[in-house]
Structures are given as structure tokens and as C-alpha cells.
Amino acid sequence: MQNKAAFKSGFKDGIPIGLGYFAVAFSLGIAAKNAGLSPFEGFLTSFLCNASAGEYAGFTIIAAGATYIEMALATLVANARYLLMSCAMSQRLDNKMPFFHRFIMGFYITDELFGAAIARPGTLNPFYTYGAATAAAPCWAIGTALGVLAGNLLPARVVSAFSVALYGMFLAIIIPPARKSKIILGLIAVCFALSIAASYIPYVCELSEGTRTIILTVAISTVAALLFPVKDEEECEVVAE
Amino acid sequence: MRGNTYIYIAVMATVSLLIRVLPLTLIRKQIKNKFLKSFLYYVPYVTLAVMTVPAIVHATQSSVAGLVALLVGILVAWFGFDLFKTAVCCCATVLILELFLVR
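This is the structure we're talking about:
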């Protein structure tokens with residue numbers, strides 16, 4: 001019963017994620033088309049990879065006709081933040097959770113699905129992720145295929161409006177805890193400021209967005225952990241509320 | 242020379258999968274180290290914040306619309322709107338503003 005409720009609530013949260021995915025996947029499909037992929041190949045890539053920046057990097061590798069090694073490296077760099085997210089998520093799982101639940105939860109670590117899952121209180125229920133993925137993942141794969149097929153048909157203003165859906169969800173995840181914790185509020189302000197700065201600083205601004213995200217995440221989280229180590233109770237409190 | 246598209250996709254899928262699944266399946270214990278615990282506790286907030294700004298401003302046709310969507314999103318999330326409602330508010334903000342800002 002609890003699993004059913006978790007699935008339902010995951011499905012509900014997965015709908016806006018799916019809508020956002022659809023628009024992003026559509027534009028990703030255009031990149032896939034430019035790399036010479038068929039709609040099915042675009043669908044397959046998105047179904048298996050569930051990564052926006054990572055897939056985009058991959059499509060440029062295919063377009064350039066680069067080696068498989070380069071493909072592996074590009075995917076690794078563009079997706080390295082998921083390694084951090086997976087580590088963070090591991091701390092929120094029941095020790096006894098079986099392999100296949102962990103495997104599927106890992107498979108569906110995306111920026112949005114991770115964010116939605118981690119915002120849940122206490123130990124994570126895999127069925128929440130299953131619900132969210134059921135709603136969102138097909139939009140991602142189908143959106144990519146449709147993007148390959150008909151990339152330029154959707155009006156630009158609709159794509160533009162859809163494209164902020166993902167960011168709106170990120171805000172809905174990080175802002176409520178910031179209201180309860182001054183440390184997180186300050187942390188988010190610092191993140192915004194440094195991230196803007198990083199997009200202008202010479203050399204740093206030439207790095208890909210994925211690489212900048214990793215560098216900033218590691219640097220800011222390290223300093224935050226040194227300055228404000230979390231107490232055991234605090235961790236539960238903030239996340240649970 | 243260009244390789245086989247399906248092998249490219251297989252390489253991409255394998256690397257993407259390993260990155261995500263290995264930590265989750267291998268780290269089975271609660272990490273005791275205080276620094277590491279704190280670090281992992283802050284990672285989600287930091288990474289989501291860093292990905293939102295300034296990217297939201299560049300995602301839209303008009304950067305003004307993106308900026309206002311950011312402010313609207315922060316405001317409604319502050320007052321407790323959930324994921325779906327916050328996302329809809331941001332989208333609606335851009336759609337309406339760009340009717341005036343983008344010809």
C-alpha cells in the first residue's frame with residue numbers, strides 16, 4: 001500500500017518532469033538528426049542513456065566521427081555529476097535494499113528525477129522513482145525521436161516556455177529547505193553568484209556546462225562541508241520537512 | 242573514420258549506466274566520516290543551484306523572460322508550491338512575457 005502511494009506520488013511529480021523533458025528532448029533530437037541518426041536510433045539513445053548534456057556530447061562525437069574511446073571519455077565527463085548524485089543517494093537507501101532496486105534507481109538518476117527523489121523525507125522508496133520514471137522517461141525517449149523526425153515544427157515560443165520547466169522544478173526542490181535553514185539559503189546564494197561568475201571568467205567559461213557544474217559542485221560542497229559540518233539530527237530534520 | 246552508430250550508442254549507454262549504478266550498488270553502509278557525510282549532504286543543493294543559474298536565463302528566447310521566470314519560481318517555491326505548480330508558473334511566465342518581448 002505504501003509502495004502504491006509512493007508510485008502515485010512519483011508519477012504525479014514525474015508529469016511536469018516529462019513535459020520539460022519533452023521540449024528538451026525535442027531539441028536534442030535535432031542534434032541527433034544533424035549527427036545522422038534515425039528516429040529509432042535517437043529513441044534508443046535516450047531510452048538507454050537518460051542524459052541531456054551527455055547525449056548531446058555523444059551526438060557531437062558521432063557527428064565528428066571520433067573514436068569509441070573519445071565517446072567513452074566525453075560521456076564520462078559530461079555525466080560525472082551523476083557519480084556524485086549516486087553517492088549522495090546511496091546514503092538515503094535502506095541498507096538491505098536489494099540489487100535490482102538499486103540498479104533501476106541508479107539507471108534513472110537524472111538531474112530532475114534525482115532532485116525529485118532526494119527531496120522526499122527519510123529513507124527513499126524505490127517505487128517513488130519508478131512512478132516518476134514511468135511518467136517522465138517515455139517523454140524523453142519519444143521526444144528525442146520526434147525531434148529527429150520533425151525538429152522544426154514546434155513553435156519557438158512553445159519550446160522556449162517548456163524549456164524553463166526543468167529549472168522551475170529545481171527551484172521547487174532547493175528553495176523550501178532554504179526557507180528553513182539559513183546555511184542552505186546562504187549556500188544557494190553563493191552557488192548562484194559563483195555559477196554566474198564562472199560563466200564569465202576567462203578559461204573557465206570555455207569549459208562545457210557539464211564540466212563547470214562538476215568543478216563548482218565539488219568546490220562549493222567541500223567548503224560548505226568544512227565550514228558547516230552537518231549534525232546527524234539536522235540532516236534528518238531539514239530533509240524530512 | 243566514422244564508427245558504427247550502434248556501437249557508439251552502446252559505449253554511451255554503458256558509461257552512463259556504470260557511473261550511476263556503481264556507487265549506488267557498492268556503497269551499502271552509512272558513511273561515518275563527518276566531512277564526507279556533510280559533503281554528500283550539500284551536493285544536491287549545490288549542483289541543482291549551479292545548474293539553474295545562469296542557465297535559465299539562456300534557455301529562453303528572451304533572457305528577460307528567463308530572469309523573471311527565475312524570480313517567480315523562487316517566490317512561489319518559497320511559499321510552498323510543489324514541483325508541478327512551480328514548473329507551470331515558470332512556463333506560464335515565459336509564455337506570457339514572450340508574447341510581448343519576442344515578435
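So the protein sequences, as listed, match chains Y and U.
Under this note's numbering, the first residue of the first sequence is numbered 1, with each subsequent residue one higher.
Under this note's numbering, the first residue of the second sequence is numbered 242, with each subsequent residue one higher.
We treat Cβ as the ideally placed atom computed from N, Cα and C, and that holds for glycine.
Residue i: contacting residues in chain Y (beta-carbon distance under 9 Å)
i: VAL343 (chain U); result: ALA156, ARG157 and SER160
Selected residue, minimal CA-CA separation from residue i, among the options
i: ALA198 (chain Y); options: Y:THR217, Y:LYS182 and Y:LYS180; result: Y:THR217
i: ARG102 (chain Y); options: U:PRO264, U:THR255, U:CYS331 and U:ASN245; result: U:PRO264
i: LEU340 (chain U); options: U:GLN302, U:PHE320 and U:GLY314; result: U:GLN302
i: TYR249 (chain U); options: Y:PHE228, Y:PRO126, Y:THR144 and Y:ALA66; result: Y:ALA66
i: THR288 (chain U); options: Y:SER46, Y:PRO176, Y:ALA178 and Y:ARG81; result: Y:ARG81
i: PHE170 (chain Y); options: Y:SER181, Y:PHE192, Y:LYS182 and Y:VAL159; result: Y:PHE192
i: GLY244 (chain U); options: Y:LEU37, Y:PHE22 and Y:ILE17; result: Y:LEU37
i: ILE188 (chain Y); options: Y:VAL158, Y:SER221 and Y:LYS33; result: Y:SER221
i: ALA254 (chain Y); options: Y:ILE69, Y:ALA35, Y:GLU70 and Y:LEU83; result: It is not possible to answer for residue 254 (chain Y), since the shown part of chain Y is limited to 1 through 241.
i: MET97 (chain Y); options: U:THR255, U:TYR247 and U:ILE268; result: U:ILE268
i: ILE104 (chain Y); options: Y:GLY122, Y:PHE127 and Y:ILE30; result: Y:PHE127
i: PRO333 (chain U); options: Y:LYS33, Y:LEU185, Y:LEU48 and Y:VAL159; result: Strictly speaking, residue 333 (chain U) in this sequence is Ala, with Pro absent from that position. Answer by Cα proximity: Y:VAL159.
i: LYS231 (chain Y); options: Y:ILE215, Y:ILE183 and Y:SER208; result: Y:ILE183
i: ALA137 (chain Y); options: Y:LYS33, Y:LEU28 and Y:LEU113; result: Y:LEU113
i: LEU185 (chain Y); options: Y:PHE228, Y:GLU206, Y:PHE26 and Y:ALA133; result: Y:PHE228
i: THR255 (chain U); options: Y:GLY106, Y:ILE118, Y:GLU206 and Y:GLY122; result: Y:GLY106
i: VAL252 (chain U); options: Y:ALA178, Y:THR60, Y:GLU70 and Y:GLY29; result: Y:GLU70
i: ARG120 (chain Y); options: Y:ALA32, Y:ALA141 and Y:MET89; result: Y:MET89
Under 8 Å between C-beta atoms of residue i and residue j
i: ALA78 (chain Y); j: GLY115 (chain Y); result: no
i: SER51 (chain Y); j: SER257 (chain U); result: Here the sequence assigns Ala to residue 51 (chain Y), which means Ser is not the residue at that position. For ALA51 (chain Y) and SER257 (chain U), yes; Cβs fall inside 8 Å.
i: ALA57 (chain Y); j: ALA74 (chain Y); result: yes
i: TYR242 (chain Y); j: GLY314 (chain U); result: Limits of chain Y in this structure are 1 at one end and 241 at the other, which puts residue 242 (chain Y) out of reach.
i: ASP94 (chain Y); j: LEU324 (chain U); result: no
i: GLY307 (chain U); j: VAL164 (chain Y); result: yes
i: GLY42 (chain Y); j: GLY147 (chain Y); result: yes
i: THR45 (chain Y); j: THR144 (chain Y); result: yes
i: ILE175 (chain Y); j: TYR286 (chain U); result: no
i: LYS326 (chain U); j: VAL335 (chain U); result: no
i: THR129 (chain Y); j: GLY10 (chain Y); result: yes
i: CYS87 (chain Y); j: LEU312 (chain U); result: no
i: ASN257 (chain Y); j: ALA23 (chain Y); result: No statement about residue 257 (chain Y) is possible, as the shown extent of chain Y runs from 1 to 241 and does not include it.
i: THR213 (chain Y); j: VAL291 (chain U); result: yes
i: PRO39 (chain Y); j: LEU149 (chain Y); result: yes
i: PHE99 (chain Y); j: THR266 (chain U); result: yes
i: ILE201 (chain Y); j: PRO295 (chain U); result: no
i: ALA224 (chain Y); j: TYR283 (chain U); result: yes
Residue i: contacting residues in chain U (beta-carbon distance under 8 Å)
i: ARG120 (chain Y); result: The premise fails here: ARG120 (chain Y) is roughly 11 Å from chain U at the closest Cβ pair, so nothing lies under 8 Å.
i: LEU76 (chain Y); result: VAL256 and ILE260
i: TYR82 (chain Y); result: SER257, ILE260 and ARG261
i: SER52 (chain Y); result: Near SER52 (chain Y) there are no residues of chain U at all, since even the closest Cβ is about 10 Å away, more than 8 Å.
i: ILE297 (chain Y); result: What the structure shows of chain Y is the stretch from 1 to 241, and residue 297 (chain Y) is not part of that stretch, so it cannot be assessed.
Interface residues of chain U facing residue i [CB-CB closer than 7 Å]
i: THR123 (chain Y); result: None at all; the shortest Cβ gap to chain U is about 11 Å.
i: CYS49 (chain Y); result: MET253, ALA254 and SER257
i: CYS87 (chain Y); result: PRO264, ILE268 and LEU281
i: LYS182 (chain Y); result: In chain order: nothing, as chain U lies at least about 13 Å away.
i: SER271 (chain Y); result: No answer is possible for residue 271 (chain Y): it lies beyond the span of chain Y, which begins at 1 and ends at 241.
Test: residue i CB closer than 8 Å to a CB of chain U
i: ALA32 (chain Y); result: no
i: ARG102 (chain Y); result: yes
i: PHE170 (chain Y); result: yes
i: CYS248 (chain Y); result: Nothing about residue 248 (chain Y) can be read from this structure; chain Y reaches only from 1 to 241.
i: ASN3 (chain Y); result: no
i: PHE26 (chain Y); result: no
i: PRO246 (chain Y); result: The question about residue 246 (chain Y) has no answer here: the residues shown for chain Y are numbered 1 through 241.
i: GLU199 (chain Y); result: Rather than Glu, the amino acid found at residue 199 (chain Y) in this sequence is Ser. It does; some Cβ of chain U falls within 8 Å.
i: VAL204 (chain Y); result: no
i: TYR68 (chain Y); result: yes
i: PHE229 (chain Y); result: For clarity, residue 229 (chain Y) is Pro in the given sequence; the question names Phe instead. Interface residue, yes.
i: PHE43 (chain Y); result: no
i: GLU241 (chain Y); result: Residue confidence is low: GLU241 (chain Y) scores 33 on pLDDT, short of 50, so the model does not pin down where it sits. Its coordinate-derived value is still stated next. No, no contact with chain U.
i: THR213 (chain Y); result: yes
i: PHE22 (chain Y); result: no
i: SER195 (chain Y); result: yes
i: SER221 (chain Y); result: yes
i: GLY147 (chain Y); result: no
i: SER9 (chain Y); result: no
i: ILE62 (chain Y); result: yes
i: PHE192 (chain Y); result: yes
Beta carbon proximity, residue i to chain Y, threshold 8 Å
i: LEU265 (chain U); result: yes
i: LEU336 (chain U); result: yes
i: LYS270 (chain U); result: yes
i: LYS273 (chain U); result: no
i: LEU308 (chain U); result: no
i: CYS330 (chain U); result: yes
Beta-carbon neighbours of residue i, restricted to chain Y and to distances below 8 Å
i: LEU289 (chain U); result: ASP111, GLY115, PHE170, ILE173 and ILE174
i: VAL305 (chain U); result: What VAL305 (chain U) touches in chain Y: nothing, since even the nearest Cβ is about 12 Å away.
Residue i: contacting residues in chain U (beta-carbon distance under 9 Å)
i: LYS12 (chain Y); result: ASP323, LEU324 and PHE325
i: LEU187 (chain Y); result: TYR283, TYR286, VAL287 and ALA290
i: SER46 (chain Y); result: Residues of chain U passing the Cβ test: none, with the nearest at roughly 10 Å.
Item to check | Sequence ranges, alpha helix (DSSP H) only - wholly within the stretch 174-215 of chain Y, length at least 4 | outcome: 182-198
Item to check | Contiguous alpha helix (DSSP H) assignments of at least 4 residues, all confined to the stretch 1-75 of chain Y | outcome: 2-34, 39-49 and 52-64
Item to check | Unbroken stretches of the alpha helix (DSSP H), 4 residues or longer, contained in the stretch 261-316 of chain U | outcome: 275-293 and 296-300
Item to check | Unbroken stretches of the alpha helix (DSSP H), 4 residues or longer, contained in the stretch 68-147 of chain Y | outcome: 68-90, 99-107 and 111-118
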